[in-house]
Amino acid sequence: MERIIADCVNYIETHLKSHWTVTELAERYHYSPFHFARLFKEITGSTLATYIRQRKLCHTLYDISQGQPKQQAALDYGFQSYSGFYRAFTQVYGCGPKVYLKIHSIDKPVCPNILERGQVMYTKTELIKLITTNWTFPAITSITPLDTEHIRHQVWVINHDYILKKGQYDELDKHARICAGLINEGIASQEIYLTNKECPILQLDAGDFILMKSLVGEPLTMTALFSEKMTLYANEQGRALAKLHRVLGSLSSDLIDTYDLITTLENWALPETTKVALQWQLDLPSGFADALLSKVNTLFPRLPQQVIHRDPNPGNILYSGTKVSGFIDFDISVKSQRLFDLCYMGTAILSHLTKPSHYRQWPQLFQELITGYHQEEPLTEEERQAIFPMLCSIQMIAIAYFSHVNEWQEVARVNRENLVYLYAIQDEFDIRLQTM
1 MERIIADCVN YIETHLKSHW TVTELAERYH YSPFHFARLF KEITGSTLAT YIRQRKLCHT
61 LYDISQGQPK QQAALDYGFQ SYSGFYRAFT QVYGCGPKVY LKIHSIDKPV CPNILERGQV
121 MYTKTELIKL ITTNWTFPAI TSITPLDTEH IRHQVWVINH DYILKKGQYD ELDKHARICA
181 GLINEGIASQ EIYLTNKECP ILQLDAGDFI LMKSLVGEPL TMTALFSEKM TLYANEQGRA
241 LAKLHRVLGS LSSDLIDTYD LITTLENWAL PETTKVALQW QLDLPSGFAD ALLSKVNTLF
301 PRLPQQVIHR DPNPGNILYS GTKVSGFIDF DISVKSQRLF DLCYMGTAIL SHLTKPSHYR
361 QWPQLFQELI TGYHQEEPLT EEERQAIFPM LCSIQMIAIA YFSHVNEWQE VARVNRENLV
421 YLYAIQDEFD IRLQTM
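At position 187 of the sequence shown (counting the first as 1) the number is 187 in UniProt numbering, and the numbers step up by one without a gap.
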């Protein structure tokens, strides 16, 4: 199936100027339009219509940048007129083509290589054979794929009690070593199920896999988090992160990469966010990037560094009742400023909000996260001063990354709006910090 979709992507790329329908495209591969569209989205992350429109916009813009008359370029790729192309472009990119080209430099479009993404679809029979061949495992009664739309790897729940994950060897190995270190220190973590060859990671030509015991607990929903128990949950989450940091800080960081946050911001995230702010006309303070960079260079070098989780989003924090039962997914853990995790925890919650009432409650929730953490592991004065700059820095890293990934444009939009939101509540935020 992956090769069929890869061939389809190549076909689309070489026939963008031709006249054909989605139905004809599906028939080319002997599928119904509905079934083919569903499979295309599962593998690429985009709907067929969205993908085709994006590729046409991309190629039209490039041809215009190379000097082709804009009306002719629009007609070549199937737009009824240049004004039709202009409206479609503005809807996707937030500004007109002329403004976009002034802000961004663009390269000749290259056809995406779907096969390089490593997203292979497995049948239940294939997974059963994979597990029973390589692990001594009880009878398999159920295999349930997790929703991979917001998960970096392919993940399946086996018999309700085990997790099978496919990923990159280095990341899976890091996760296994950190989990073992936490267990040795008496912290609940995912126990790795060794292969028949006594290895934590199964290495195959088709990819690398890890099998582990599930932790007790479930992630909190936003409805539960923003209930009458909000301060209780938030304080507990802050305390739990501090306890996790206490143990992570004692683990050897020799095999953990150091994340150079300052260089990442200075050389990439801030310049990219500045461009995006112009592109989408974001309501941000004048000179926001320079002001933030000044605080980053002043405060961030003085912040305590250690091994951190790096991705403590709501889905990676499990609760049993009102208590955190554990953290999962240490695949991208790094050595960096510990404040990053605390602030990321706050921005990750922010990115899941949809109700106006939750946005109004978020400052109080985040204040309680900080309070809980501080009660277990006191923050330094530099960390307290760096909280707001760190929140904004995390948002800018997300904006810089997701803005250039076609299937994550909705996530990019949410992060743009949340950066504007943070600056809008900065005064309230500063007052709350002063009262802590």
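Glycine included, each C-beta is placed from N, C-alpha and C at the ideal position.
Here the structure is a predicted model, which is why all the values come from computation and not from measurement.
When the alpha-carbon of Ile192 is set against those of Leu215, Leu433 and Gly96, the nearest one is in Leu215. Membership of Thr23 in the alpha helix (DSSP H) is indicated by the continuous run Val22 to Arg28. In the displayed model, Met212 falls within a strand according to three-state DSSP. Straight across, the Cα-Cα distance linking Gln72 with Leu278 is about 28 Å. At a Cβ-Cβ threshold of 8 Å, Leu365 and Tyr359 do not count as neighbours. DSSP, read as helix, strand or coil, puts Gln190 in coil. The beta carbon of Glu428 sits closer than 7 Å to the beta carbons of Pro363 from its chain, once the five residues preceding and following it are set aside; these are given in chain order. When C-alpha distances from Leu48 are compared across Lys70, Leu25, Thr60 and His59, the shortest belongs to Leu25. A check of alpha carbon separations from Asp260 across Lys17, Ile5 and Val296 identifies Val296 as the nearest. Within the DSSP secondary-structure output, Phe327 pairs in a beta bridge with Ile317. The DSSP-derived three-state label of Thr435 is coil.
Excluding its 5 nearest sequence neighbours in each direction, Lys108 has C-beta neighbours in its own chain below 7 Å: Tyr62, listed in chain order. Distance from the Cα of Ser142 is smallest, within the candidate group Leu130, Val157 and Ile131, for Val157. Each of Tyr169, Cys179, Arg87 and Thr21 was checked against the Cα of Asp329, and the nearest Cα belongs to Cys179. By a beta-carbon distance limit of 8 Å, Leu220 does not contact Leu342. Their separation comes to about 17 Å. The alpha-carbon of Ser403 is positioned some 33 Å away from that of Arg239.
The stretch 210-295 contains, as complete alpha helix (DSSP H) runs of 4+ residues, the segments 222-225, 230-248, 261-264 and 270-280 (chain order). Boundaries for Gly94: no beta strand (DSSP E) harbours it, and the DSSP string shows neither H nor E there. Annotation: Trp408 is outside any beta strand (DSSP E) and is labelled neither H nor E by DSSP. Approximately 6 Å separates the beta-carbon atoms of Phe85 and Thr60; this is inside 8 Å, confirming the contact. For Trp280, the closest of Gln385, Met436 and Thr90 by C-alpha to C-alpha distance is Thr90. Residue environment: Pro312 is assigned as buried (16 or more neighbouring CB atoms within 10 Å of its CB, all protein chains considered). Counting only runs that start and end inside the stretch 124-159, the beta strand (DSSP E) elements of at least 3 residues fall at 143-145 and 154-158.
Around the beta carbon of Phe40, 16 or more other beta carbons sit within 10 angstroms, so the residue counts as buried. For Gln306, the secondary structure class from DSSP, reduced to helix, strand or coil, is strand. The closest CA to that of Ala139, considering only Asn184, Val155, Asn159 and Gly315, is found on Asn159.
Per the Cβ contact rule, the stretch 314-329 is not in contact with the stretch 284-303 (fewer than 3 Cβ pairs under 8 Å). Check the Cα spacing between Thr21 and each of Gly45, Gly78 and Pro69: the tightest is with Gly78.
For Gly315, the closest C-alpha among the options Ala386, Asp161, Lys355 and Gly217 is that of Gly217.
The Cβ-Cβ distance between Lys56 and Leu16 falls below 8 Å. The alpha-carbon separation between Asn235 and Asp7 amounts to approximately 51 Å.
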